[in-house]
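Its first residue numbered 13, the sequence shown is counted upward by one per residue in this note's numbering.
Here the structure comes first, spelled out in structure tokens, and everything after it is commentary.
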Amino acid sequence: MVESLAAGVEWRPPEATAPGFAPLHRRGRLLGHVRHQGADEEADTAAAIAAWRQDRPAHLPGWLRRPLADAEAMLAASRRMMEALLEGAPLEALLDAPDVAARLQGDSQGGLQGGLQDGGTARFALVAASDEEHDAQAIGKAWFDAETGDGVAEDLWCKASWLSFHEADASLRFRFSFGMEGFEDVAADPGRELLAGELAARVFPESRLLTGHAPTRALARELAGGQPAFVERIIYFNAPEGGAQFHHDVERGHDGVIYAQLTGRTFWLACDKQALMDEIAAFVADAPDARWNELRALTRDRAALAALMNEADHEPVEALVDREPAFIGRMVERGHAFWLEPGDALLLPQRDLEHCVWHTVFCLDDEPGEALSFAIRAL
Ligand SMILES: [Fe+2]
Numbered sequence: 013m014v015e016s017l018a019a020g021v022e023w024r025p026p027e028a029t030a031p032g033f034a035p036l037h038r039r040g041r042l043l044g045h046v047r048h049q050g051a052d053e054e055a056d057t058a059a060a061i062a063a064w065r066q067d068r069p070a071h072l073p074g075w076l077r078r079p080l081a082d083a084e085a086m087l088a089a090s091r092r093m094m095e096a097l098l099e100g101a102p103l104e105a106l107l108d109a110p111d112v113a114a115r116l117q118g119d120s121q122g123g124l125q126g127g128l129q130d131g132g133t134a135r136f137a138l139v140a141a142s143d144e145e146h147d148a149q150a151i152g153k154a155w156f157d158a159e160t161g162d163g164v165a166e167d168l169w170c171k172a173s174w175l176s177f178h179e180a181d182a183s184l185r186f187r188f189s190f191g192m193e194g195f196e197d198v199a200a201d202p203g204r205e206l207l208a209g210e211l212a213a214r215v216f217p218e219s220r221l222l223t224g225h226a227p228t229r230a231l232a233r234e235l236a237g238g239q240p241a242f243v244e245r246i247i248y249f250n251a252p253e254g255g256a257q258f259h260h261d262v263e264r265g266h267d268g269v270i271y272a273q274l275t276g277r278t279f280w281l282a283c284d285k286q287a288l289m290d291e292i293a294a295f296v297a298d299a300p301d302a303r304w305n306e307l308r309a310l311t312r313d314r315a316a317l318a319a320l321m322n323e324a325d326h327e328p329v330e331a332l333v334d335r336e337p338a339f340i341g342r343m344v345e346r347g348h349a350f351w352l353e354p355g356d357a358l359l360l361p362q363r364d365l366e367h368c369v370w371h372t373v374f375c376l377d378d379e380p381g382e383a384l385s386f387a388i389r390a391l
């Protein structure tokens with residue numbers, strides 16, 4: 013197995029560890045080791061906009077470095093909330109803590125300038141909590157009403173979920189949305205979408221590091237082709253042995269996602285679905301291994317492979333892209349790897365099911381790191 017060096021990332025197979033390399037552990041598997049060799053790069057927004065229009069991911073190194081310098085107290089508070097949840101505190105109790113409750117009531121907005129979003133005057137009331145027994149990955153869900161000048165918006169929620177069922181993986185996320193999960197056409201109700209975004213900013217004021225950041229707003233305006241909104245917000249804590257498996261984030265009415273690493277470091281593989289299918293086909297064509305026979309057959313019918321990847325269960329693909337070290341090495345070599353430090357951002361365009369950036373994330377540290385993942389749309 014060859015070592016890979018591309019895009020400032022060097023990869024070595026599981027059996028070949030070396031000083032300075034971080035292990036890629038996920039859900040009980042060691043998938044290799046990586047090292048970052050990048051210099052101090054500058055974010056190139058023109059290149060990022062061009063990449064977005066071609067359904068390619070773009071790394072923005074140091075994008076939030078400056079605003080992040082003042083965010084230590086906020087991030088420490090969110091970390092305590094995450095740790096309390098890990099220790100079994102009910103989500104609704106954490107959201108009813110005095111500091112959070114005060115922000116929900118609009119008494120304090122976290123000290124960062126808002127802009128169109130996140131400077132709102134809505135008052136949020138925690139009205140119910142559910143343990144989401146139908147969803148094994150759910151930790152809990154809290155429901156809110158928002159009182160605005162125009163009336164009351166109902167059924168906004170914050171949901172905390174595990175990223176996997178693996179006992180060593182403490183990765184979790186807080187997602188903010190509204191209505192019936194999985195059924196709602198969220199893009200069709202921009203009013204409640206914006207309020208769910210505002211709710212995220214009240215619970216996690218570090219949201220404004222992105223939404224109140226003038227360069228991000230200018231960039232998002234370009235990407236969305238109009239007045240941008242940051243919706244379907246997720247606050248991630250990617251933990252050792254965790255992170256997300258390969259997936260896309262396509263949702264009708266949304267153009268793509270901006271991910272910002274706030275604490276800790278993550279390693280990513282990300283590329284357009286079409287490029288990922290090319291890599292899968294090339295890998296299994298070269299591999300003599302009978303393990304890939306089913307996938308090899310599938311790659312001879314590109315439409316069938318594309319359709320399978322759209323299914324929730326696409327195990328023949330997962331076995332390769334999520335669990336085969338040599339495939340990860342290939343992806344690094346082919347330039348699909350990214351290394352994110354605190355303050356870095358990553359753009360993940362999501363045009364439609366056939367043209368969208370698939371991505372997978374690994375935690376590189378011994379403890380969870382925090383990140384923001386917001387969908388971008390034009391209002
Ligand atoms: Fe994602």
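Beta carbons: idealized from backbone N, C-alpha and C, even for Gly.
Keep in mind it's a predicted model, so treat the numbers as computed, not measured.
Closest by CA to glutamate 382, which one among His178, Tyr248, Glu336 and Asp108? Position 370 of the sequence shown, counting from 1, holds the residue named residue 382. Nearest of His178, Tyr248, Glu336 and Asp108 to glutamate 382, Cα basis: Tyr248.
Please find out if some non-hydrogen atom of ligand 1 comes closer than 6 Å to the beta-carbon of aspartate 261. Start at 1 with the first residue of the sequence shown, and residue 261 comes out as number 249. Checking every heavy atom of ligand 1 against the Cβ of aspartate 261, one is found closer than 6 Å.
Valine 139 to serine 189, Cα distance in whole Å? Taking the first residue of the sequence shown as 1, we reach residue 139 at position 127. Taking the first residue of the sequence shown as 1, we reach residue 189 at position 177. Cα-Cα distance, rounded: 15 Å.
Rounded to whole angstroms, what is the Cα-Cα separation between alanine 109 and lysine 171? For the purposes of this step, residue 109 is taken as the residue at position 97 of the sequence shown. For the purposes of this step, residue 171 is taken as the residue at position 159 of the sequence shown. So the alpha carbons of these two residues sit roughly 17 Å apart.
When the Cα of histidine 48 is compared with those of Gly163, Ala390, Leu376 and Pro380, which residue comes out closest? On the sequence shown, position 36 is the one that residue 48 refers to. Residue Leu376 is the option with its Cα nearest to histidine 48.
How close, in whole Å, do the beta carbons of alanine 96 and leucine 106 come, if the pair is a contact with beta carbons under 8 Å? Along the sequence shown, one-based indexing puts residue 96 at 84. Along the sequence shown, one-based indexing puts residue 106 at 94. Rounded, the Cβ-Cβ distance is 6 Å, consistent with contact.
Does the segment 66–84 come within contact of the segment 348–361, defined as at least 3 CB pairs closer than 8 Å? yes
Taking the alpha-carbon of glycine 255 as reference, which of Asp284, Thr372, Ala148 and Ala180 has the nearest alpha-carbon? To locate residue 255, count along the sequence shown from 1; it is residue 243. The shortest C-alpha separation from glycine 255 is found at Thr372.
Do phenylalanine 350 and tryptophan 304 come within 7 Å of each other at the CB atom, strictly closer than that value? Within the sequence shown, the letter at position 292 stands for residue 304. Within the sequence shown, the letter at position 338 stands for residue 350. Contact flag unset, no.
Let me know the alpha helix (DSSP H) ranges lying completely inside the segment 221–248, each 4 residues or longer, listed in chain order. Runs found: 226–236.
Assumed close pair arginine 392, histidine 259 - CB separation to whole angstroms, cut-off 8 Å: Within the shown structure, residues of the chain are numbered from 13 to 391, placing residue 392 beyond reach of any answer.
Alpha-carbon to alpha-carbon, valine 296 and alanine 141: Against the sequence shown, residue 141 aligns to sequence position 129. Against the sequence shown, residue 296 aligns to sequence position 284. Roughly 47 Å between the two C-alpha positions.
Would you grab the beta carbon distance between glycine 276 and proline 202 for me? Rounded to a whole angstrom, and I think it's under 8 Å. Residue numbering aside, residue 276 sits at position 264 when the sequence shown is read from its first letter. Residue numbering aside, residue 202 sits at position 190 when the sequence shown is read from its first letter. That pair is no contact at about 32 Å.
For alanine 282, count neighbouring Cβ atoms within 10 angstroms of its own Cβ and tell me buried if that reaches 16, exposed if not. Here residue 282 refers to the residue found at position 270 of the sequence shown. Buried, by the Cβ-count rule.
Using a Cβ distance threshold of 8 Å, determine whether the segment 152–169 contacts the segment 224–243, with at least three qualifying pairs required. no
Since glutamine 286 is in the alpha helix (DSSP H), which residue starts that stretch and which ends it? Locating residue 286 in the sequence shown gives position 274, where the first residue counts as 1. Counting along the chain, the alpha helix (DSSP H) containing glutamine 286 begins and ends at 285–298.
Express the C-alpha separation of leucine 184 and serine 120 in angstroms, rounding to a whole number. Indexing the sequence shown from 1 puts residue 120 at position 108. Indexing the sequence shown from 1 puts residue 184 at position 172. In this prediction, serine 120 scores a pLDDT of 45, lower than 50, which makes its location untrustworthy; the coordinate-derived value is nonetheless stated afterwards. So the alpha carbons of these two residues sit roughly 26 Å apart.
DSSP-derived helix/strand/coil call for arginine 214: The residue you call residue 214 lines up with position 202 of the sequence shown. The answer is helix: DSSP assigns arginine 214 an H, G or I state.
When you compare only the Cα positions, how much space is there between threonine 278 and histidine 37? The sequence position of residue 278 within the sequence shown is 266, counting from 1. The sequence position of residue 37 within the sequence shown is 25, counting from 1. Each residue's Cα considered, the two are about 12 Å apart.
Do serine 90 and phenylalanine 186 have their beta-carbon atoms positioned less than 7 Å apart in this structure? On the sequence shown, residue 186 is found 174 positions in, with the first residue counted as 1. On the sequence shown, residue 90 is found 78 positions in, with the first residue counted as 1. For phenylalanine 186 and serine 90, no; Cβs fall outside 7 Å.
Any idea if glutamine 273 is buried or exposed, counting beta-carbon neighbours within 10 angstroms, 16 or more meaning buried? Residue numbering aside, residue 273 sits at position 261 when the sequence shown is read from its first letter. Buried.
Suppose you measure from the CA of glycine 100 to the CA of glutamate 196; what does that come to, to the nearest Å? For this step, residue 100 is matched to residue 88 along the sequence shown. For this step, residue 196 is matched to residue 184 along the sequence shown. C-alpha separation (whole angstroms): 30 Å.
Just to check my reading of the structure: alanine 12 and glutamate 218 have Cβ atoms closer than 8 Å, yes? What is that Cβ distance to the nearest angstrom? In the structure displayed, the chain extends from 13 to 391; residue 12 sits before or after that span and is not available.
Name the one or two DSSP bridge partners that glycine 209 has. Within the sequence shown, numbered from 1, the residue matching residue 209 stands at position 197. Glycine 209 is not bridged to any residue.
Throw me the rounded Cβ distance for the tryptophan 75 and glycine 355 pair, which I believe falls under 8 Å. Numbered from its first residue, the sequence shown carries residue 75 at position 63. Numbered from its first residue, the sequence shown carries residue 355 at position 343. Sure, about 6 Å apart at Cβ, within 8 Å.
As a quick exercise: from Gly161, Val329, Gln257 and Pro300, pick the residue whose alpha carbon is nearest that of leucine 207. For the purposes of this step, residue 207 is identified with residue 195 of the sequence shown, where counting begins at 1. Closest by alpha carbon: Gly161.
When DSSP builds the beta bridges, which residues end up paired with histidine 37? Locating residue 37 in the sequence shown gives position 25, counting from the first residue. BP columns for histidine 37 point to Leu42.
Alpha carbon to alpha carbon, what distance is there between leucine 288 and methionine 343? For this step, residue 343 is matched to residue 331 along the sequence shown. For this step, residue 288 is matched to residue 276 along the sequence shown. So the two alpha carbons sit approximately 9 Å from each other.
What first and last residue would you give for the beta strand (DSSP E) that runs through tryptophan 64? Start at 1 with the first residue of the sequence shown, and residue 64 comes out as number 52. Element bounds for tryptophan 64: not the beta strand (DSSP E) but the alpha helix (DSSP H), 57–65.
Give the straight-line distance between the Cα atoms of leucine 43 and aspartate 378, rounded to the nearest whole angstrom. Locating residue 43 in the sequence shown gives position 31, counting from the first residue. Locating residue 378 in the sequence shown gives position 366, counting from the first residue. Those two C-alpha atoms are separated by around 16 Å.
Host beta strand (DSSP E) of proline 110 (start-end): Stepping through the sequence shown from its first residue, residue 110 is reached at position 98. Premise fails: proline 110 lies in the alpha helix (DSSP H), 110–116, not in any beta strand (DSSP E).
Among Arg312, Asn250 and Val329, which residue has its Cα nearest to the Cα of alanine 180? Indexing the sequence shown from 1 puts residue 180 at position 168. The residue with the shortest Cα to Cα distance from alanine 180 is Asn250.
Leaving out five residues on either side along the sequence, give the residues of the same chain with a beta carbon under 7 Å from the beta carbon of phenylalanine 33. By 1-based counting over the sequence shown, the position of residue 33 is 21. So the list reads Arg24, His45, Val46 and Arg47, once near-sequence residues are dropped.
By how many angstroms is the C-alpha of leucine 80 removed from the C-alpha of glutamate 54? Working through the sequence shown from its first residue, we reach residue 54 at position 42. Working through the sequence shown from its first residue, we reach residue 80 at position 68. Roughly 16 Å separates the two Cα atoms.
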